[in-house]
Amino acid sequence: MEQLVSNLLEFFYILIGLLLMTTAVRVLQDKTHPARLGTAAFWLLLGIVFAFGNFIPAMVDGIMLLLIGVLTLFKQVKIGKLAVVDEEQAEASARKIGSWIFLPCILLAVFAVIIANTPLGGQVGIGLASVLALLIAMFITKAKPKTVADDADRMIQQVGVSGILPQLLAALGVVFNAAGVGTVISNGISGFVPEGSRLAGVIAYCLGMVIFTMIMGNGFAAFTVITAGIGVPFVIAQGGDPVVAGALAMTAGFCGTLLTPMAANFNALPAALLEMKDPNAVIKTQAPVAAVMIVVHIALMYFLAF
Amino acid sequence: MMEWLKLIGILIILVGFIFKFDTIAVVLIAAFATAMVAGISIVDFLEMLGEAFVANRLVTLFLLTLPMIGISERFGLRQQAVILIEKIKSLTPGRFMTLYLFIREMAGAFSIRIQGHTQFIRPIVNPMAQAAAENKYGELEEEDVEKIKALSAANENFGNFFAQNTFVAASGVLLIVGTMESLGYQVSAAAIAKMSIIVAVIILLVGAGYNLLFDRKLAKKYGAGTAGPKEGK
């Protein structure tokens, strides 16, 4: 079963890779594109890493990622001509199809949860459910394959560049760990946190998670570094329960995610998707709730972990 | 002193963000600089980076859902949402968002890993909240339209972040178990998930309160409603 799951997942990554490469071809064919070659190269390289990353040497993947970075650094990746949604047509179609139009979205969630509860697991669930929901959407809307391709390209170009940032940050966390960044933090912070004070340890662990998550934009990457650097020496070694401390530290980190533009997938992405005037509007709205939740986390960890 | 240099990656990310350099390039440069300072060879760094990125492709699995959402939008997903909400007259935007927050938390608890912003906030929640507000107060000022957008996205994040770890096999839960194990502490995933329920309940209360405050603000600004004068003062 494990073999089947990893084969299925690999199949979905190849599908994603093909989607990205299709966008590369479309950009290449668009003679009016403001940065045609650079943008096409960006999507092609990314597509190759997704589809074949496991089959080519890791070093080649690494080189392709650096090339992707060079392209975005020199602003060679831009959004080109997209197949925009015609408001009037969409309205006419809504009157015709009615609420059936929600079915694919709902079934995506339903299929995903059903499959997640089988031995196939949640990740395969998302992949299979996406494909099934797409087929159902095509059936309901009678969309032609060309329309599907147009819309897939539109969504990928709109979402793609900020969409790969979390994955890149997870990779950054791996590099940080290998370099021993956690040890450095632990040594550095021991000067500020009074020894033997549980409250100081709890505050340092929670705020460390918040601040590190804000800097890295990724609570997962922060967790490994901060737990090794602060959580264990200053909370758990003082008698704190690792279950309570670990569970709360992770969600304390998510308070940081609410506060940082680095968490592009959660804060910048919706600002772009909803065409907001202020790219930081989501963060500003979340800030008061994040502040309350940070205090809640410190209090919970202090009273429940000991 | 040499040890402190390892924090250069964090500094690069900080500076890169503040000066709004390209984020993808900044992250890659931060990784490269950290590896160099730590004495990792260029070849080892490239291998580590490539392997880590490929191993984390799960994080971007949501790209597969985009084609379906794209055509659903073309064929009137948003427009139909507006037609529906026009029938539900009693929901205020804040109450509607609290309802979504609750649904989103349940989804997390049942391990539905969705990319809510693309799947729900853009096509459904924001248009429905906007329509609810227009139903009650007539056309809103641009400032408030933008606020509803931001609050819709915020509720998605509240529900997603603080409830996902109530599911035993959530990646966050497994990361906690794995990290603790590698540091010498045995913990069970079920215990972590159970512990996470407290925070999931608290965010529902805090979020509902926050949404209620927003409703109050709108009501104060636009009056009790344009759906017809209610009883006098």
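Residue numbers (the numbering used here), protein chains in the order written: chain A, 336 to 641; chain B, 40 to 272. For glycine and all other residues, C-beta sits at the position ideal for the given N, C-alpha and C. All values reported here derive from a predicted model rather than from experimental measurement.
When DSSP states are grouped into helix, strand and coil, Pro106(B) belongs to the helix group. Selection Asp83(B), Phe201(B), Ala172(B) evaluated against Ala148(B) yields Phe201(B) as nearest (Cα-Cα).
Non-local beta-carbon contacts of Ala598(A) in its own chain, meaning distances under 6 Å to residues more than five positions away in sequence, involve Gly552, Thr592 in chain order. Excluding five sequence positions before and after Thr73(B), the CB atoms of its chain that fall closer than 7 Å to its own CB belong to Lys45, Ile47, Gly48, given in chain order.
Under the three-state reduction of DSSP, Lys410(A) is assigned to coil, being neither helix nor strand. Gly177(B): not part of any alpha helix (DSSP H); DSSP gives it neither H nor E. In the structure shown, Phe101(B) adopts helical secondary structure according to DSSP, grouped into three states. The three-state reading of DSSP puts Thr453(A) in coil, since its state is none of H, G, I, E or B.
The beta carbon of Leu88(B) is closer than 7 Å to those of Ala70 in its chain, skipping five residues each way along the sequence. Burial is judged here by how many other beta carbons sit within 10 angstroms of a residue's own beta carbon; Trp43(B) has fewer than 16 and is exposed. Residue range 371-387 is occupied by the alpha helix (DSSP H) that includes Trp378(A). Phe92(B) carries a helical assignment under DSSP once its states are collapsed to helix, strand and coil. At least one C-beta of chain A is nearer than 8 Å to the C-beta of Tyr249(B). Neighbours of Asp61(B) in chain A, taken as residues whose beta carbon is under 7 Å from its own, are Thr407, Leu408 in chain order. The residues Val65, in chain order, have a CB closer than 7 Å to that of Gly55(B) in the same chain once the five nearest residues on each side in sequence are set aside. Counting C-beta atoms within 10 angstroms of its own C-beta, Ser191(B) has 16 or more neighbours from the protein chains shown and is therefore classed as buried. Within the same chain, and ignoring the five residues on either side of Thr595(A) in sequence, the residues whose Cβ sits closer than 8 Å to its Cβ are Thr548, Met549, Ile550, Gly552, Asn602, Ile618. A distance below 7 Å between beta-carbons, with the five flanking residues on each side excluded, links Gly373(A) to the following residues of its chain, in chain order: Leu406, Gln411, Val412. Secondary structure of Met87(B) (DSSP, three-state): helix.
Taking C-alpha positions only, Ile546(A) is separated from Gln621(A) by approximately 16 Å.
Across the region 343-355 of chain A, CB contacts with chain B closer than 7 Å involve Phe347, Tyr348, Leu350, Ile351, Leu354, in sequence order along the chain.
Within the region 615-626 of chain A, those residues whose Cβ lies closer than 8 Å to any Cβ of chain B are, in chain order, Ala616, Val617, Lys619, Thr620, Gln621, Pro623, Val624. The beta carbons of Leu116(B) and Ala172(B) sit no closer together than 8 Å. Interface criterion met: the Cβ of Phe201(B) is under 8 Å from a Cβ in chain A. From the listed residues Met636(A), Leu542(A), Pro454(A), Leu470(A), the smallest Cα separation to Glu337(A) is found for Pro454(A).
Unbroken alpha helix (DSSP H) stretches of 4 residues or longer found wholly inside the region 527-560 of chain A: 533-551, given in chain order.
Cβ-Cβ distances below 6 Å link Val164(B) to Tyr139, Ser191 in the same chain, with the five nearest sequence neighbours on each side left out; the list follows chain order. Distances from the CA of Ile499(A) to each of Met41(B), Ile68(B), Asn95(B) were compared; the closest alpha carbon is that of Asn95(B). For Met219(B), the secondary structure class from DSSP, reduced to helix, strand or coil, is helix.
Rounded to whole angstroms, the gap between the alpha carbons of Phe390(A) and Ser521(A) is 38 Å. Out of Lys431(A), Val494(A), Gly433(A), Leu639(A), the CA that lies nearest to the CA of Leu608(A) is found in Val494(A). The C-beta of Ser80(B) comes no closer than 8 Å to any C-beta of chain A. Under the 8 Å criterion on CB atoms, Phe511(A) is classed as interfacial with respect to chain B. Exclusion of the five residues before and after Val528(A) leaves Ala535, Gly536, Ala539, Phe569 as the residues of its chain whose Cβ lies within less than 7 Å of its Cβ.
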